[in-house]
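Below you'll find the structure, written out as structure tokens, and then a few comments.
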Amino acid sequence: MRDKKHWYDGYFYDRIIAPNQDKMFSVIKNFITEGASVIDVGCGTGRLCFRLADRCSKVTGVDLSSKNIFTANKILSREKFNNVSFIHADASGLAEKLIAKYDYSILTYAIHEMPPEERTAVIDQLKIISSRIIIGEYAVEKKSKFWEVMNELVEFSAGKDHYKNYKLFLSSGGVNYLVEQSGLKIIKEVINNPVTSHIVLTAV
Ligand SMILES: C[S@@+](CC[C@H](N)C(=O)[O-])C[C@H]1O[C@@H](n2cnc3c(N)ncnc32)[C@H](O)[C@@H]1O
10 MRDKKHWYDG YFYDRIIAPN QDKMFSVIKN FITEGASVID VGCGTGRLCF RLADRCSKVT
70 GVDLSSKNIF TANKILSREK FNNVSFIHAD ASGLAEKLIA KYDYSILTYA IHEMPPEERT
130 AVIDQLKIIS SRIIIGEYAV EKKSKFWEVM NELVEFSAGK DHYKNYKLFL SSGGVNYLVE
190 QSGLKIIKEV INNPVTSHIV LTAV
């Protein structure tokens, strides 16, 4: 099995990086109906999964980084949510691995780090396992020069391939292009809240 490795995976990601996503996570939580089942793909160390636990009947986090999944499970053993679980898996082969179906699939800041061909493969898998897909990503048009530069610095520091995929994601049209190419229908959309982000709730 593939294992994705970043220098910041694990506790560093959980403590320093993931909390910056809280505003996006709040927007996403409001998209989700009470009692729904959710799969968070590219869940990192599970911060969004834990935040959704009190609203959802079932939350599954999936990530290709074994270090992130190890940290997520460590936190889970402390917090003891009985409706949350984590799987170390590649999202591009998810439908064959999972029997369960979900009301929602979520992808936050995961799709931009994948190479273009992997992005559509992942969305195709999510279309099989869920009827709604939520994508939270970088907006193509940045409304703040300061945050645009900050985003660039963060993505550059993530490594050469990561940065290349980030740039390709934006230059190809970002979330709008992905939605169109995958044949998804936008039901709800929030742009620039948080600043430089683009969040969509879509129907497959
Ligand atoms: C920038 S992190 C975002 C984590 C979390 N969703 C958040 O918003 O804080 C992207 C995550 O996607 C995961 N990832 C990348 N490609 C993946 C794939 N093919 N299958 C599953 N996870 C993947 C990475 O390992 C990483 O943990």
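Residue numbers (the numbering used here): 10 to 213.
Yeah, the Cβ is synthetic: ideal placement off N, Cα and C, and Gly gets one too.
- Using CA coordinates, which residue listed in Gly183, Ala148, Ile143, Val188 is at the minimum distance from Ser35? Ile143
- CA-CA distance, Ala62 and Arg87? 14 angstroms
- Query: Could you give the residue range of the beta strand (DSSP E) that holds His207?
  - Reply: 206–212
- Item | Burial state of Phe95, where buried means 16 or more other Cβ atoms lie within 10 Å | buried
- Helix, strand or coil for Tyr175, going by three-state DSSP, please let me know. helix
- Any idea what DSSP makes of Val36, helix, strand or coil? Look at Val36 here: in three-state DSSP terms it is helix.
- Task: With distances taken Cα to Cα, identify the nearest neighbour of Met159 among Glu126, Arg128, Ile115, Ser206.
- Result: Ser206
- Helix, strand or coil at Leu116 according to DSSP, with G and I counted as helix: For Leu116, the three-state secondary structure derived from DSSP is strand.
- Closest by CA to Glu198, which one among Asn185, Ser191, Gly192, Leu57? Asn185
- Quick one: what's got a C-beta closer than 8 angstroms to Thr42's C-beta in the same chain, skipping five residues either side? Asp112, listed in sequence order.
- Distance, Gly168 Cα to His97 Cα: For His97 and Gly168, the distance between alpha carbons rounds to 22 angstroms.
- Task: Figure out for me which residue from Ser191, Asp49, Ser75 has the closest Cα to the Cα of His15.
- Result: Ser75
- Message: Using only CA atoms, which one of Leu177, Cys65, Val149, Leu162 lies nearest to Ile200?
- Response: Selected option, being the one with the closest Cα: Val149.
- Message: Is it buried or exposed, Leu162, if we count other Cβ atoms within 10 angstroms and call 16 or more buried?
- Response: exposed
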